[in-house]
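The structure appears right after this line, and notes come after that.
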Amino acid sequence: MRYSRIISTGSYLPERILTNKELETIVETNDEWIVERTGIKERHIVASGEKTSDMSYQAALAAIKSAGIDASTIDMILVATSTADSVVPSTACIVQEKLGIKTTKGSFDLQAACTGFMYALTTADCYIKSGMVDTVLVIGADTISRIVDYTDRGTCILFGDGAGAVILQASDRQGILGCDIRADGSYRSILTCDGHVYNGKVEGNPYLQMDGQAVFKFAVKSLSSIAKTLAEKVGVSIADIDWVVPHQANVRILETTAKMLGIGMEKMISTVALHGNTSAASVPLALDLAVRDGRIKRGDLILLEGVGAGFTWGASLIRF
41 MRYSRIISTG SYLPERILTN KELETIVETN DEWIVERTGI KERHIVASGE KTSDMSYQAA
101 LAAIKSAGID ASTIDMILVA TSTADSVVPS TACIVQEKLG IKTTKGSFDL QAACTGFMYA
161 LTTADCYIKS GMVDTVLVIG ADTISRIVDY TDRGTCILFG DGAGAVILQA SDRQGILGCD
221 IRADGSYRSI LTCDGHVYNG KVEGNPYLQM DGQAVFKFAV KSLSSIAKTL AEKVGVSIAD
281 IDWVVPHQAN VRILETTAKM LGIGMEKMIS TVALHGNTSA ASVPLALDLA VRDGRIKRGD
341 LILLEGVGAG FTWGASLIRF
C-alpha cells in the first residue's frame with residue numbers, strides 16, 4: 041500500500057521579537073493581563089521588506105537540509121497562507137523560483153486561514169496516495185502583523201509572524217494514517233479581514249476583526265470533536281496518541297481542548313508563549329520545534345489539528 045510520510049520538518053522565525061512590555065507602550069494593556077488571558081509572552085514580527093515568501097523559503101531550506109535531499113526532487117510545492125506576497129503570482133511559485141527548481145507537478149497556494157496547513161497537508165497526502173506525485177514540500181506561512189490593527193488590543197496582542205515546512209514523501213511504510221478537514225461558512229463573521237483592492241482602491245476593513253468569545257467556543261468544540269471523529273475513523277484511541285500538536289491560538293484553548301479530550305497538558309506541544317498565533321504557520325512551527333528538541337521521535341503517534349476563519353478546521357493522525 042502507498043502511504044505519505046513526513047520525512048523532515050523545518051521552520052523560520054523573524055529576528056525581531058515584540059514583547060508584552062513593548063506592547064504596553066503601543067496599546068492599553070499590560071504583560072500580566074496578556075499572559076493571564078492568552079499565555080503569550082512574546083511574538084516574532086517581520087522586518088521591513090520581509091515577505092511571506094522570504095520566510096517560506098527559509099523554512100523550506102531547513103526542511104530540505106534536514107531531509108538530506110536535493111531540492112530538484114520536489115515534485116510539488118504547496119503554501120498555506122492568508123498573506124500572500126501578491127495577488128498573482130502565488131507565493132508557492134515565488135518560493136519555487138527562490139529555490140531554483142522546476143516542480144514537475146505544479147506549485148500553488150491554499151487559503152484556509154489558521155487551518156491552512158491542515159488543508160495543505162491533506163491535499164499533499166491525497167496527491168501522493170493517488171500516485172500523481174512522490175515528494176511534496178508543504179509550507180504554512182503568514183505575515184499576520186501586516187493585517188493587525190495595533191490600536192485594537194483584542195487582536196494585536198495575539199498574532200505573530202513565522203513559517204513552518206514539512207517534506208512529505210511516498211512510502212510503503214505507514215505515515216499519515218488519516219486526515220479530516222471541515223468548513224462552515226455560517227460562522228464566517230466571527231473572524232474576518234474583508235479589506236480588498238477594487239479598481240485600484242482599498243475597500244472594506246484591511247485589519248483582522250474578531251469576536252474572541254465566539255472564536256473560543258467554536259475552536260474548543262471543533263478541535264475536540266474532529267480529534268475524536270478522526271481517531272475513531274483510523275481505529276486508535278485518544279489515549280494511544282503520544283503528542284498533540286494543535287493550532288497555537290492561545291493557552292486557554294489548548295487547556296480546554298486537552299480537558300475535553302481527556303489528556304494532560306504534558307501531551308500538548310505548546311509554543312504559544314514565545315510565538316503567539318502565527319496563523320497557518322503555527323502547527324508546522326510547533327511540530328518542528330518538538331522534533332528538533334527531541335520530544336517527538338520516529339514511531340510516535342501524532343495528532344495535528346487546526347482551526348481558523350471560514351470557519352474551517354481539520355486534523356491529521358500521523359505515525360511519525
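If you want the numbering used here, it's the position in the sequence shown, counting the first as 1, plus 40.
Each residue gets a CB set at the ideal place from its N, CA and C atoms; glycine is no exception.
Computed from a prediction, not measured in an experiment: that's the story for all the values here.
task: Report yes if the CB atom of residue 51 is closer than 8 Å to the CB atom of residue 87, and no otherwise.
output: No. Outside cutoff.
- request: Quick one: using the 10 Å Cβ neighbour count with 16 as the cut-off for buried, is residue 338 buried or exposed?
  value: Exposed, since its Cβ has fewer than 16 Cβ neighbours within 10 Å.
query: Taking all protein chains shown into account, do 16 or more other C-beta atoms lie within 10 angstroms of the C-beta of residue 201, making it buried, or fewer, making it exposed?
result: By the C-beta density criterion, residue 201 is buried, having at least 16 other C-beta atoms within 10 angstroms.
message: Suppose the cutoff is 6 Å on Cβ atoms and the five residues either side in sequence are ignored; what does the same chain contact list for residue 162 look like?
response: For residue 162, where only same-chain residues beyond five positions count, the Cβ hits under 6 Å are 219 and 221.
message: Per the DSSP calculation, residue 199 is bridged to which residue(s)?
response: Answer is 317.
message: Considering only the alpha carbon of each residue, which of 145, 123, 129 and 95 lies closest to residue 117?
response: Considering only alpha carbons, the answer is 145.
message: Please identify the residue among 327, 241 and 332 whose C-alpha is closest to the C-alpha of residue 343.
response: Ranked by how close their Cα comes to the Cα of residue 343, the residues 327, 241 and 332 have 327 in first place.
- prompt: Using DSSP with H/G/I as helix, E/B as strand and the rest coil, what is residue 68?
  reply: Here residue 68 sits in coil by DSSP.
Cβ shell of residue 150 (< 7 Å), same chain only, five flanking positions each side left out: Spatial neighbours of residue 150 in its own chain (CB-CB distance under 7 Å, excluding positions within 5 residues in sequence) are listed in chain order as 118, 120, 156, 159, 160 and 163.
message: Checking 8 Å against the spacing of the C-beta atoms, do residue 291 and residue 260 come in under that value?
response: With respect to residue 260, residue 291 sits apart: the two C-beta atoms are not nearer than 8 Å.
message: Short of 6 Å in beta carbon distance, which residues of its chain neighbour residue 349, apart from the five on each side in sequence? Order them along the chain.
response: Only residues of its own chain outside the window of five on either side were considered, and among them 153 and 231 have a CB closer than 6 Å to the CB of residue 349, listed in chain order.
- request: Taking the CB atoms as reference points, tell me whether residue 114 and residue 141 lie closer together than 8 Å.
  value: A contact, by the Cβ cut-off of 8 Å.
message: Out of 267, 209, 280 and 181, which one is the CA nearest neighbour of residue 321?
response: Answer by Cα proximity: 181.
- prompt: Exposed or buried, what is residue 236 when buried is set at 16 or more other beta-carbons lying within 10 Å of its beta-carbon?
  reply: Residue 236 is exposed by the Cβ-count criterion.
Neighbourhood of residue 85 by C-beta distance below 7 Å, restricted to the same chain and skipping five residues each side: Cβ neighbours of residue 85 beyond the five flanking positions: 54, 56, 58, 185, 200 and 201.
Distance, residue 357 Cα to residue 286 Cα: Taking the straight line from one Cα to the other gives about 12 Å.
query: Where does residue 324 fall in DSSP's three states?
result: Looking at residue 324 - three-state DSSP - the assignment turns out to be helix.
- prompt: Is the segment 298-308 touching the segment 248-268 in the sense that three or more CB pairs, one from each, lie closer than 8 Å?
  reply: Flag = yes, the segment 248-268 and the segment 298-308 touch.
Cutoff 8 Å; reference residue 307; Cβ partners in own chain excluding five residues on either side: Contacts found: 281, 282, 283, 284 and 298.
message: Tell me which residues share the same chain as residue 212 and place their Cβ nearer than 8 Å to its Cβ, disregarding the 5 neighbours each side in the sequence.
response: 41, 42 and 43, listed in sequence order.
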